Structure formats: C-alpha cells, structure tokens
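Read through the structure below, which is laid out as structure tokens, and then see the notes.
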Amino acid sequence: MNNFDDTIIGIATAQSQSAISIIRVSGIKAIEIVNKVFKGCNLTKVKSHTINYGHIIDPTTKQIIDEVLVSVFRHPKSYTCEDVVEINCHGGLFVTNQIYELLVLNGTRPATPGEFTKRAFLNGRIDLTKAEAVMDVISAENKEALKIASYALNGKTNSFVTTLRQKLLDVIANIAVNIDYPEYDDVEELTNTQILPVINEVIDQLKKVLDESLSAKMLKNGINTVIVGKPNVGKSSLLNTFLNEQKAIVTDIPGTTRDIVEAQIQLKNVTLNLIDTAGIRKTADVVEKIGVEKSLDAINKADLIIFLLDGSNKFTKEDEEILSYLKDKTYIMVVNKADLEQKINLQGHDFVLISTKENQGLEELEKAIIEKLHLNNITNKDITYISNARQIEKINNAYLALKDALDVINDGYQIDIVDMYIKKAWLYLGEIIGEASTDNLLDELFSKFCLGK
Ligand SMILES: Nc1nc2c(ncn2[C@@H]2O[C@H](COP(=O)(O)OP(=O)(O)OP(=O)(O)O)[C@@H](O)[C@H]2O)c(=O)[nH]1
Ligand SMILES: [Mg+2]
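Here the sequence shown is numbered in numbering that gives the first Met the number 0, starting from 0 and rising by one per residue.
And the structure:
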C-alpha cells in the first residue's frame, strides 16, 4: 500500500441544493482532523464502519455549524484503503461549503477530480478497468451503458484480460527455455504445438471482443443515425415524433430543412444520436445546396442511415440516386405516410412501414435497427466485451501484435523475433488493467472523474 502523507477532502454529492450533502475525507489524519471539529463522541475511539451522530463545531468560535451523521471507515476496508470519514450534513450549498472550508483550515487538502478513486487504485484495491468502470457507472445514460459498466466493475474485464495474459506468459516462458537450452526442444515442434495454437486462440478471443465492443460502444454512446431522403417525405416529422416535440420545422413545402437538426433520442433499449438532414435533390438555391452537401457528408459519418421514402408517391429516379449513395453503408429503408393511399413499389427491398402522423410502426423500426446492427445478442445476453475506448485500443494493439507474430512465424523468422511480438501483446494487455501504466496515463485517466470521487 502507498502511504500518502496528506489527507484529502472532497464534496461527493452534486453542488446544488439538496436534502443531504456528503463530504468525504481520506488519509492518515482523516479521523483525527474530523474529530477536531466534531462534537458528539470521540471519533478516534469509535469502531470502523459506524455512523455517529453529533454536530460540526468551529473549534475557535465554538459555534455550531450543522447537525450531522459521520461515518467512519478504518483502513484498509474503505473506498480508498485509507481511513475514510464521510460527513452527512444538510444539503445547503452554504453549510456544506462552511464545513468543507473548516476541514481545509484544520489540515485537509482539496482533492483533485478522481483522486479518491486514484488512491483506491494506487493502494491496490481496484485495477484500472474497475476504476474506469466507476466513472462509466456515474456517466451511464441508459440501461445498457450501466450494464456494461457493472460488468467491468465486477472484475470480469480484469479476469478476461488476466487469463489471456497468462496464456501468453506460458508461451513466453516456453520460448525462454528454448532460447536458453536450444537442445531442450525442437523449435519447429515448439512452434506448432505450443505457440501457434495459443496465439490463434488468443487472436480469436480478442477479435470477438473487438467486434462486440463496436456494438457495445454504440449502445453506450448512442447510435449515430442519419435520416435521409427526398424533400417532403417526412424526415423532420420522424425526428419530431421520436422526440415527442416539435423541434424541427415541418411544412408541406419541399426543402424546408436546410441545416442539420440534431437530437438525442431514447428508444426502449437504445439511444439514437439522430440527425435530420436537408432533403436531397438537385437545387439551384445556394443555402439548400450547402444543406444537401451536409446531408451527404452526414451519410459518410453515420453508424446507421434511415432512408425515408414517401409511400404515397412512386419510387423515383431521385430515390434511386440516394440509394446509390448508400451502397456499402448500413441503412434501413423506411416508408412513411402509411396512412395515405400507397403508390410506392419496393419489390425486392426490405422496408419498414410507418406513419409519423398516426404514430404507427415506430416499434417495428426500433426492432429493425437492433437487428440491422446485430445488437440483439448484446441487449439480451450476458456481456463479454469491453466498452471503454482506451481499453479497446489496447485490445486492438495486442491483436495486431499477435497478427504480426503469426506473420513472422509464417515467414520463418527466428524464434526471438516471434517472442518480441508476443511480449508486445502481453504488455498491451497489461496496460488495460494498469500494469506497466505510466504516471501520465493515470493523471489523465483520473482527471476525468468528478470531484469527490
Ligand atoms: N399524411 C401524412 N403526412 C405526413 C406524414 N409525415 C409527414 N407528413 C407531412 O409531410 C410534409 C413534409 O414533412 P417534413 O417532415 O417537413 O418532411 P421533410 O422530409 O423533413 O422535408 P424537407 O425538410 O423539405 O426535406 C408535412 O406536410 C407533414 O405534415 C405522415 O405520416 N402522413
Ligand atoms: Mg425537414
């Protein structure tokens, strides 16, 4: 355990008026310092994990500041593994800050964002994946994001990575024996029976995680979805219907939307970062033209495109042209205005029929989105993936290093070159759980936390 010589303080609850605020103090002098301003019992004598009733009193003026409940957690069984004291006071901003300032005057230091969690990590209570999961739990905006974060918080990411690292380490050890005692084993046999099967197995597992992580990222951050189509088909109406609000202007004049309109929409199981675009058509209007270019640009950046058509009109050359932009893209054809007489003929195409006017078909559309992006197995099943962008990058690096190892084996390179790539992969995986992590990485990571966490 690291011994930090200072005692830190943070307000753990939101800085707004509320029923209760929690001020958290951690460090070797946590109990002693709080005890100096607490009246009710002697906190230095109470048992660990107790809640103690009393008052916060300014020791110089003897003035009562608030009536409080004080929790005491003695090391190492606390959030940070240090002595931790949490003061539950009344939730007024003024009173909370007064207690906070009083404790700073008496010897605590204001914590930097994430410093409590950083201490938990540096003191060995949690690994990096768990530390990041704490932040992901706090910032989760939907059920799926929370599920993913709890997966990591329960240590499953850690055990997944640790298992793979152990496999690689066994290979590295075998190679080391071979290099030290060349007569001990035949290199070719070693490669075929020990190295190749393990590398292939680890590559497969990393690949699976990478694929699933992509979907997980979409579930966590929302699916970047663009609605495109000819003018007047009801794109803005669809955004408004999803949103239950008249955010985008809707008129029966084709070319109404000229700039991009964005909205975040929570469907039952997924979040859409929805973009309504200007209807795509050839136009002489300068402003509309820029809008159309933006629509085309949005198509290229999207995870998913909703290609909206008007069922009460025929499928035209313009629709055909829009469809040609969508080649190689992930898109769903959606036919709107189901309430009107249908004239469209979409033989040979899959589509979802909706009416924004009558609020029809939106559930089917959500189902189609989940199916199209293969999110089904993720929303229903146990998760075995990693959602954090930093971790995904390391997984990808490890995957590429092992691919390189395969290449050099195939090209007949010496075993120590193969060894180098396997070690590289092992190190990348280590960075995920915070082994071999540099101070810079840690500072950057923990600075993203809220104060008091
Ligand atoms: N009958 C019927 N009319 C609809 C439906 N959805 C939209 N409309 C009408 O279609 C017209 C065009 O709707 P918008 O949502 O502005 O269409 P848009 O695709 O955004 O049009 P641009 O912004 O010009 O590209 C409006 O008059 C809507 O009221 C529907 O489901 N049924
Ligand atoms: Mg519009």
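Note that CB positions come from ideal geometry on N, CA and C, so glycine has one too.
Small disclaimer: the values here were computed from a predicted structure and weren't measured.
Is residue i near ligand 1, going by C-beta to nearest heavy atom under 7 Å?
i      : result
GLY278 : yes
GLY254 : yes
ASP349 : no
SER236 : yes
VAL232 : yes
SER354 : yes
ILE242 : The residue asked about is misnamed: residue 242 is Leu in this sequence, not Ile. No, the beta carbon of LEU242 sits no closer than 7 Å to any heavy atom of ligand 1.
GLY228 : yes
ASN312 : no
ASN299 : no
THR128 : no
THR282 : no
LYS251 : In the sequence as displayed, the identity of residue 251 is Asp instead of Lys. Correct: ASP251 has its Cβ closer than 7 Å to ligand 1.
LYS336 : yes
LEU364 : no
LEU339 : yes
So, under 8 Å CB-CB, residue i and residue j are touching, yes? Tell me the CB distance rounded to an integer number of Å.
i      : j      : result
VAL225 : SER235 : Incorrect: roughly 13 Å between the Cβ atoms, too far for contact.
ALA172 : LYS219 : With a Cβ gap of about 37 Å, ALA172 and LYS219 do not count as contacting.
CYS88  : ILE22  : 7 Å
ILE353 : GLN346 : Actually they do not touch by this definition, with Cβ atoms about 19 Å apart.
ALA151 : THR116 : Not confirmed; about 13 Å, so no contact.
LEU237 : ASN335 : 7 Å
ILE178 : ILE408 : With a Cβ gap of about 15 Å, ILE178 and ILE408 do not count as contacting.
ILE343 : ILE279 : The pair is not a contact, with the Cβ atoms about 17 Å apart (cut-off 8 Å).
VAL83  : ALA29  : 6 Å
ASP57  : ILE64  : 6 Å
ILE416 : VAL269 : Not really, about 45 Å apart at Cβ, beyond 8 Å.
ALA11  : LYS452 : 7 Å
ILE421 : LEU167 : 6 Å
LEU428 : LEU163 : 6 Å
Can you tell me whether residue i sits near ligand 2, meaning its C-beta is under 7 Å from at least one heavy atom of the ligand?
i      : result
ASP309 : no
ALA247 : yes
ASP275 : yes
LYS402 : no
Taking all protein chains shown into account, do 16 or more other C-beta atoms lie within 10 angstroms of the C-beta of residue i, making it buried, or fewer, making it exposed?
i      : result
GLN165 : exposed
TYR180 : exposed
GLU85  : buried
PRO230 : buried
GLU392 : exposed
VAL227 : buried
ILE382 : Its pLDDT being 48, under 50, ILE382 is placed unreliably by the model, and the measurement read from it follows with that caveat. The residue is buried, with at least 16 neighbouring Cβ atoms inside 10 Å.
SER323 : exposed
ILE431 : buried
ALA148 : buried
GLU114 : buried
PHE306 : buried
LEU92  : exposed
THR464 : In the structure displayed, the chain extends from 0 to 452; residue 464 sits before or after that span and is not available.
GLU188 : exposed
GLU287 : buried
LEU339 : exposed
GLU200 : exposed
LEU121 : buried
GLY411 : exposed
ASP251 : exposed
GLN390 : buried
VAL285 : exposed
ALA110 : buried
SER446 : exposed
LYS216 : buried
THR95  : buried
Indicate whether at least one CB of chain D lies closer than 8 Å to the CB of residue i.
i      : result
GLU292 : Among the chains in the structure shown there is no chain D, since it carries only a single protein chain.
- Item | Any 3 or more C-beta pairs closer than 8 Å across the stretch 248 to 265 and the stretch 274 to 293 | yes
- Check whether the stretch 25 to 43 touches the stretch 97 to 112, taking contact to mean three or more Cβ pairs, one atom from each stretch, closer than 8 Å. With three or more CB-CB distances shorter than 8 Å, the stretch 25 to 43 counts as touching the stretch 97 to 112.
- Stretch-stretch touch, CB-based, cutoff 8 Å, three pairs: the stretch 395 to 402 with the stretch 204 to 211: yes
- Check whether the stretch 11 to 30 touches the stretch 90 to 105, taking contact to mean three or more Cβ pairs, one atom from each stretch, closer than 8 Å. Yes, the stretch 11 to 30 touches the stretch 90 to 105.
- Report yes or no: do three or more beta-carbon pairs, one from the stretch 290 to 307 and one from the stretch 324 to 333, lie closer than 8 Å? A contact exists between the stretch 290 to 307 and the stretch 324 to 333.
- Message: Quick test of the definition: if touching needs 3 or more C-beta pairs under 8 Å, does the stretch 68 to 76 touch the stretch 133 to 143?
- Response: no
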